[in-house]
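Using my numbering, you'd call the opening residue of the sequence shown number 4 and step up by one each time. Backbone N, C-alpha and C define an ideal beta-carbon position, used for all residues, glycine too. Presented below is the structure to which this report refers.
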Amino acid sequence: MEPLREGDPQQVGAYRLLGRLGGGGMGQVFVGRSRGGRLVAVKIVRPELADDAGFRRRFAEEVAAAARVGGFYTAQVVDADTAADPPWLVTAFISGPSLQQAVETFGPLPAHAVVVLGAGLAEGLAAIHAAGLVHRDLKPANIVIAADGPRVIDFGIARALDATHASTSVIGTPGFMSPEQAKGLRVGPPSDVFSLGSVLTFAATGRGPFGTGTAEAIVYRVVHDEPDLSGLPGDLAGLIGACLAKDPMSRPGLPQVLDRLAAHPAPDGTWLPPAVNAMISEYDRELPSRTRTPKSPWRPSRRDVMVAGLGAAAVAAAVPAAFLLRSSSVGASGHPTPTPGKAGGVLRPGSPVTLHEGGVWSVTFSPDGRTLASTGADGKARLWDTATKTPAKTFTHRATNPWTKPIAQVTAFNPRFSYTLSAAFSPDGARLAVANGDGTIDLWDLATGNATTLPYLKPVGWNTAVGGVVFDRTGTTPASAYDDAIVRLWNVSTRRNEATLTTGPDYWVQSLAFSPSGGLLATASGNGNPGNTPDDGLLQLWDSSSHTKIATLTDTNSDVNSLVFSPDGKTLANLRNDGMITLWDVASRSSTGVLAGSGSGATCVAFGPDGILASGSEDGTVRLWNVRDRRITAVLRADGETRTICVAVSPDGRTVAAGGTKLTVWTLT
4 MEPLREGDPQ
14 QVGAYRLLGR
24 LGGGGMGQVF
34 VGRSRGGRLV
44 AVKIVRPELA
54 DDAGFRRRFA
64 EEVAAAARVG
74 GFYTAQVVDA
84 DTAADPPWLV
94 TAFISGPSLQ
104 QAVETFGPLP
114 AHAVVVLGAG
124 LAEGLAAIHA
134 AGLVHRDLKP
144 ANIVIAADGP
154 RVIDFGIARA
164 LDATHASTSV
174 IGTPGFMSPE
184 QAKGLRVGPP
194 SDVFSLGSVL
204 TFAATGRGPF
214 GTGTAEAIVY
224 RVVHDEPDLS
234 GLPGDLAGLI
244 GACLAKDPMS
254 RPGLPQVLDR
264 LAAHPAPDGT
274 WLPPAVNAMI
284 SEYDRELPSR
294 TRTPKSPWRP
304 SRRDVMVAGL
314 GAAAVAAAVP
324 AAFLLRSSSV
334 GASGHPTPTP
344 GKAGGVLRPG
354 SPVTLHEGGV
364 WSVTFSPDGR
374 TLASTGADGK
384 ARLWDTATKT
394 PAKTFTHRAT
404 NPWTKPIAQV
414 TAFNPRFSYT
424 LSAAFSPDGA
434 RLAVANGDGT
444 IDLWDLATGN
454 ATTLPYLKPV
464 GWNTAVGGVV
474 FDRTGTTPAS
484 AYDDAIVRLW
494 NVSTRRNEAT
504 LTTGPDYWVQ
514 SLAFSPSGGL
524 LATASGNGNP
534 GNTPDDGLLQ
544 LWDSSSHTKI
554 ATLTDTNSDV
564 NSLVFSPDGK
574 TLANLRNDGM
584 ITLWDVASRS
594 STGVLAGSGS
604 GATCVAFGPD
614 GILASGSEDG
624 TVRLWNVRDR
634 RITAVLRADG
644 ETRTICVAVS
654 PDGRTVAAGG
664 TKLTVWTLT
């Protein structure tokens with residue numbers, strides 16, 4: 004949540020505004036406080052909509068209909084003035100994360116929690132239907148997880164089922180809408196039952212029943228394909244499958260859903276896993292401190308606008324981004340508590356420290372962990388002292404221009420190609436290899452500050468940046484990746500390209516890694532094809548001595564973005580375009596599991612010691628995983644960071660570094 008901005012109203016009706024929550028489909032949403040001291044969500048309609056007489060009429064009708072909804076499991080409308088300029092709506096403020104946030108952060112809910120969730124949602128939907136409404140957009144983002152049960156929110160889009168409204172407009176979310184809704188037909192309560200089945204599948208498995216992909220592809224599967232119910236507990240699969248029947252008349256009614264869920268024994272104690280309960284408690288602790296008026300001029304932090312785009316009640320009930328700065332399981336002190344199923348405790352992330360502002364494209368730690376290297380858009384490779392978090396050295400690349408002359412003849416500096424893409428320390432920590440935008444690789448001697456440049460090997464007029472560089476175990480044969488489908492192996496002494504590995508036609512090498520023993524080189528390649536054909540990504544293993552391909556690992560149809568070996572060399576992790584992380588047993592060449600919940604558009608992955616895995620994604624977060632039990636132990640985010648491009652974990656596992664629009668580090672204790 005953000006503080007109020009200059010020009011924001013201080014008061015709406017009888018409600019004093021405390022802060023901003025985000026923007027919904029119809030306007031801005033604020034946290035407010037009633038005269039009696041209760042927190043509420045206040046939605047103010049956008050001026051351009053308020054000037055539309057037709058919108059005002061529909062808004063008044065929707066508010067009147069929503070005000071009729073009662074029951075314990077809904078976020079109720081408590082006040083409104085549809086004739087005000089601009090109109091506004093007040094709903095109950097629910098403290099807690101959305102179901103989507105909880106599952107994406109901590110993974111699927113246990114079976115008993117899914118039963119409690121289903122019963123609460125069924126009761127909430129029954130209350131909505133009793134008021135003559137259909138929700139029409141029930142989805143994980145519109146469900147708030149509270150300590151005393153779930154709440155159905157955001158029925159501002161629902162329409163009264165009377166003669167004045169033909170409920171035929173297609174409103175909803177592709178992965179959770181019903182077949183009749185997808186076809187633009189009239190929808191009734193059975194449509195919400197179908198959405199309930201989809202939501203419970205997501206809660207129990209971490210994915211929707213109709214897969215991922217484009218909206219068109221998902222809608223087609225909703226209408227024509229059977230749902231994927233694999234991974235559901237057997238006693239729930241039958242009920243959820245019935246809710247997902249294509250024919251609305253074949254679905255159970257909400258009373259039947261409640262009867263079947265009531266047959267399950269009630270859980271002892273809390274219904275939620277400890278980590279989710281900790282998230283809710285953290286939200287309660289953070290809220291008062293984040294609603295005070297700032298003493299100094301405020302500068303907006305995009306970290307706090309993670310709820311933008313949700314509807315009124317959804318925004319009102321969404322968890323603030325503040326919890327992302329701490330562990331996914333947070334105790335009373337604000338530090339992480341042990342994740343269920345993990346022996347012992349977890350490391351506690353401290354506050355983020357910004358080392359550098361500006362585009363950061365790669366981060367890597369020296370073998371002894373004392374130095375951090377970063378590269379980026381300004382053509383500099385920076386070294387940082389990890390103990391003091393201060394600059395140590397800066398190396399600047401003098402770019403050549405491969406568009407005009409062969410590399411041997413070029414001496415002029417060309418800023419167009421001056422960016423540095425990635426870096427790698429030699430095993431002895433004496434050298435830093437830096438991959439550059441002009442196709443060259445600089446080998447910096449860290450003691451003298453002198454550089455040896457490995458030449459650009461493409462034809463004149465063909466610019467190919469070096470996408471990645473890694474050292475082998477001996478430090479004498481670095482490998483580099485290019486977008487021409489070729490991996491080049493170099494001799495450091497002679498500066499010659501000793502061997503090339505061709506990954507496949509029309510592929511570009513997105514990531515590569517040597518195994519800790521040095522015997523294997525793994526490459527991840529893609530063709531950038533958005534159609535998700537079987538040839539979209541290649542994950543290949545090469546013998547680093549003979550330079551021959553020894554295995555191709557088959558994964559789901561998705562480009563392979565990033566890969567890394569575990570420190571013991573037994574596990575290989577690859578990150579895919581769909582945000583999933585596949586774990587491979589190197590010895591057997593077989594997949595041992597998939598980590599879900601790394602966020603949409605995941606971009607990078609890095610191993611640390613003792614089974615720690617870090618992943619970064621498009622949403623600006625860094626997630627720390629315990630690979631042994633497949634659980635997230637912490638979610639980190641830096642102030643103002645909107646996209647994590649690179650991530651690294653120090654050899655001792657005590658420091659995490661991430662880059663995007665800045666370089667940020669966290670110390671784990």
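Cα-Cα separation between residue i and residue j, rounded to whole angstroms
{"i": "THR526", "j": "VAL652", "result": "21 Å"}
{"i": "THR479", "j": "PRO352", "result": "36 Å"}
{"i": "LEU616", "j": "VAL563", "result": "17 Å"}
{"i": "TRP493", "j": "GLY361", "result": "31 Å"}
{"i": "LEU424", "j": "PRO276", "result": "41 Å"}
{"i": "VAL608", "j": "ARG434", "result": "23 Å"}
{"i": "PRO111", "j": "ALA590", "result": "29 Å"}
{"i": "PRO355", "j": "SER518", "result": "31 Å"}
{"i": "TRP364", "j": "GLY572", "result": "25 Å"}
{"i": "PHE3", "j": "TRP91", "result": "Because residue 3 is not part of the residues shown, which for the chain are 4 to 672, the question remains open."}
{"i": "ARG254", "j": "GLY99", "result": "31 Å"}
{"i": "GLY312", "j": "PRO612", "result": "Residue placement at GLY312 cannot be trusted, given a pLDDT of 28 that sits under 50; what the coordinates show is reported in the next sentence. Roughly 38 Å separates the two Cα atoms."}
{"i": "CYS246", "j": "ALA185", "result": "16 Å"}
{"i": "GLY522", "j": "LEU575", "result": "14 Å"}
{"i": "VAL32", "j": "TYR286", "result": "18 Å"}
{"i": "PRO230", "j": "SER593", "result": "27 Å"}
{"i": "VAL567", "j": "ALA516", "result": "6 Å"}
{"i": "GLN259", "j": "ALA70", "result": "26 Å"}
{"i": "VAL147", "j": "LEU449", "result": "52 Å"}
{"i": "GLY35", "j": "ILE47", "result": "12 Å"}
{"i": "PHE397", "j": "LEU386", "result": "The amino acid occupying residue 397 in the given sequence is Thr; Phe does not appear at that position. The straight-line gap from Cα to Cα measures roughly 6 Å."}
{"i": "ASN417", "j": "ALA438", "result": "Here ASN417 scores only 38 on pLDDT, less than 50, and its place in the model is too uncertain to base an answer on."}
{"i": "ARG210", "j": "ALA454", "result": "49 Å"}
{"i": "ILE584", "j": "ARG61", "result": "45 Å"}
{"i": "ALA278", "j": "SER377", "result": "33 Å"}
Contacting residues, own chain, Cβ-Cβ under 7 Å from residue i (five flanking each side not counted)
{"i": "ASN280", "result": "ALA150 and THR273"}
{"i": "SER37", "result": "ALA17, TYR18 and VAL43"}
{"i": "THR77", "result": "GLY127, ALA130, ILE131, ARG154 and VAL155"}
Opposing strand residues paired with residue i [DSSP bridges]
{"i": "LEU541", "result": "SER528"}
{"i": "SER514", "result": "ALA527"}
{"i": "HIS359", "result": "LEU666"}
{"i": "THR503", "result": "ARG491"}
{"i": "ASN439", "result": "THR423"}
{"i": "VAL48", "result": "GLY30"}
{"i": "THR208", "result": "THR208 is not bridged to any residue."}
{"i": "ARG657", "result": "BP columns for ARG657 are empty, so no partner."}
{"i": "ARG23", "result": "GLU5 and PHE33"}
{"i": "PHE428", "result": "LEU435"}
{"i": "ASP11", "result": "DSSP, once it has assigned bridges, lists no residue as partnering ASP11."}
{"i": "PRO352", "result": "LEU671"}
{"i": "ALA609", "result": "ALA617"}
Spatial neighbours of residue i in its chain, beta-carbon cut-off 8 Å, leaving aside the 5 residues before and after
{"i": "HIS132", "result": "PRO192, ASP195 and LEU257"}
{"i": "ILE489", "result": "THR503, LEU504, THR505, THR506 and VAL512"}
{"i": "ALA427", "result": "THR367, LEU435, ALA436, VAL472, VAL473, PHE474 and PRO481"}
{"i": "ASP371", "result": "GLY432 and PRO654"}
Exposure label - residue i; buried when at least 16 CB within 10 Å
{"i": "ASP157", "result": "buried"}
{"i": "ILE553", "result": "exposed"}
{"i": "GLN14", "result": "exposed"}
{"i": "THR296", "result": "With a pLDDT of 38 at THR296, under the threshold of 50, the modelled position of this residue cannot be trusted; read the value that follows with caution. Exposed is the call here."}
{"i": "PHE75", "result": "exposed"}
{"i": "ASP546", "result": "exposed"}
Same chain, Cβ closer than 6 Å to residue i, neighbours up to 5 away in sequence not counted
{"i": "PHE96", "result": "LEU42, VAL43, ALA44 and ALA319"}
{"i": "ALA682", "result": "Nothing about residue 682 can be read from this structure; the chain reaches only from 4 to 672."}
{"i": "GLY234", "result": "THR208"}
{"i": "THR456", "result": "THR443 and ASP445"}
{"i": "GLY663", "result": "GLU644, ARG646, THR647 and ILE648"}
heavy atom of the ligand FMN below 7 Å from residue i C-beta
{"i": "GLY39", "result": "Only the bare structure without any ligand can be found here, which leaves the ligand FMN out of the picture."}
Neighbour flag for residue i against chain D, beta carbons, 8 Å
{"i": "GLN543", "result": "No chain D appears in this structure, which consists of one protein chain only."}
Legend entry - Inside the segment 360-393 only - beta strand (DSSP E) runs reaching at least 3 residues: 363-368, 374-379 and 383-388
Legend entry - In chain order, each beta strand (DSSP E) run of at least 3 residues that lies wholly inside the segment 614-650: 615-620, 624-629 and 634-640
Inset, instruction - Just list the beta strand (DSSP E) runs in the segment 203-261, keeping only unbroken ones of 3 residues or longer that don't cross its boundaries, in chain order. - result: Entirely contained in the segment 203-261, not one beta strand (DSSP E) run reaches 3 residues.
Inset, instruction - Taking only runs that begin and end inside the segment 80-115, name each unbroken beta strand (DSSP E) of 3 or more residues, in chain order. - result: 80-84 and 91-95
Inset, instruction - May I have a chain-ordered list of the beta strand (DSSP E) segments no shorter than 3 residues that lie completely inside the segment 115-157? - result: Complete beta strand (DSSP E) runs here, min 3: 146-149 and 152-155.
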